[in-house]
Amino acid sequence: MTLFEPITLTGRHVILEPLSPDHHDGLVEAATDGELWNLWYTSVPSPDGMAAEINRRLALQEQGSMLPFTTRLADPATGGPGRIIGMTTYMNIDAGTPRAEIGSTWNAASAQGTGTNPESKLLMLRHAFETLGCPAVEFRTHWLNHQSREAIARLGAKQDGVLRNHSRTTDGVLRDTVVFSILEHEWPMVRAGLEFRLAKRR
Numbered sequence: 008m009t010l011f012e013p014i015t016l017t018g019r020h021v022i023l024e025p026l027s028p029d030h031h032d033g034l035v036e037a038a039t040d041g042e043l044w045n046l047w048y049t050s051v052p053s054p055d056g057m058a059a060e061i062n063r064r065l066a067l068q069e070q071g072s073m074l075p076f077t078t079r080l081a082d083p084a085t086g087g088p089g090r091i092i093g094m095t096t097y098m099n100i101d102a103g104t105p106r107a108e109i110g111s112t113w114n115a116a117s118a119q120g121t122g123t124n125p126e127s128k129l130l131m132l133r134h135a136f137e138t139l140g141c142p143a144v145e146f147r148t149h150w151l152n153h154q155s156r157e158a159i160a161r162l163g164a165k166q167d168g169v170l171r172n173h174s175r176t177t178d179g180v181l182r183d184t185v186v187f188s189i190l191e192h193e194w195p196m197v198r199a200g201l202e203f204r205l206a207k208r209r
């Protein structure tokens, strides 16, 4: 048994629900919004590769190293689940500490810049710190993914360092990985910042 059990996390703008094969068609539609698989600096599955990616994430969940979510818009009329806009995960889970990385995240192009990403992070960070008792939560991104690095820094995460020639991209090129983290004692200030950002969107 691990603390990182499937759970639905509900916010005002988004709902994170446990990933399921039933989400396949909605995830394909979301990835097609902006043809995200063509972005060289991130890894978003193509329509043909979506089923394999869902199975990969669910297999890692079975092994206890990942807890994957499907990201949906919250229906403004009912507060219930709306259309699927992407995926996110707790990954590289260390259940003994407990500690995890938030990553393998992507959102449809039309949802970017609308508050969905910061609210997703708020929901996941709140669950990690306030429910699971994590002393730290980590974020990692490609050195050249400036958009992601800036977004992580805006959360209030601090850069720990750069892992040079850390891993290979899908096309075999070595990448440098930037590592950020938020510590437990930093969480109240990070939470206040995220809540302030989201309040301005109401």
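All residue numbers for the sequence shown refer to the numbering used here, where the first residue is 8 and numbers rise by one. Each residue gets a CB set at the ideal place from its N, CA and C atoms; glycine is no exception.
query = Could you check where the alpha helix (DSSP H) with residue 70 kicks off and where it finishes?
reply = 57-70
ask   = For the 8 Å Cβ check, are there 3 or more pairs between the segment 117-137 and the segment 188-206?
value = Yes, the segment 117-137 is in contact with the segment 188-206.
query = Which residue's Cα is closest to the Cα of residue 147: 10, 138, 183, 117?
reply = 183
request  = Measure from the C-beta of residue 98 to each C-beta in chain C and report whether the shortest distance is under 9 Å.
outcome  = Any reference to chain C falls outside this structure, which holds one protein chain only.
query = In three-state terms, what does DSSP make of residue 200?
reply = helix
query = Excluding the five sequence neighbours on either side, which residues of its own chain have a C-beta within less than 7 Å of the C-beta of residue 181, listed in chain order?
reply = 172, 175
query = Measuring from the CB of residue 71, is there a heavy atom of the ligand PLP at a distance below 8 Å?
reply = By its list of ligands, the structure shown contains no ligand whatsoever, and the ligand PLP lies outside what it can speak to.
query = Between residue 125 and residue 204, is the Cβ-Cβ spacing less than 9 Å?
reply = Yes, Cβ-Cβ distance for residue 125 and residue 204 is below 9 Å.
task = Evaluate residue 93 with the Cβ neighbour count: other Cβ atoms within 10 Å of its Cβ, from every protein chain shown; 16 or more gives buried, anything less gives exposed.
result = buried
inquiry  = Contact defined as beta carbons within less than 8 Å: I believe residue 22 pairs with residue 88. What is the distance between those atoms, to the nearest angstrom?
reply    = 5 Å
query = Per DSSP, residue 106 forms a beta bridge with which residues?
reply = Its beta-bridge partners are 101.
key: N-terminal and C-terminal residue of the alpha helix (DSSP H) that residue 29 is part of   = That residue, residue 29, is in no alpha helix (DSSP H); it is neither H nor E in DSSP.
request  = Could you pull out every residue in the same chain whose Cβ sits closer than 6 Å to the Cβ of residue 200, ignoring the five residues on either side in sequence?
outcome  = Excluding sequence neighbours, residue 200 sits near 163.
query = Looking only at C-alpha atoms, which of 101, 56, 90 sits nearest to residue 72?
reply = 101
request  = Using a threshold of 9 Å, state whether the C-beta atoms of residue 28 and residue 44 are closer than that.
outcome  = No.
query = Buried or exposed: where does residue 154 fall if 16 or more other Cβ atoms within 10 Å of its Cβ makes it buried?
reply = exposed
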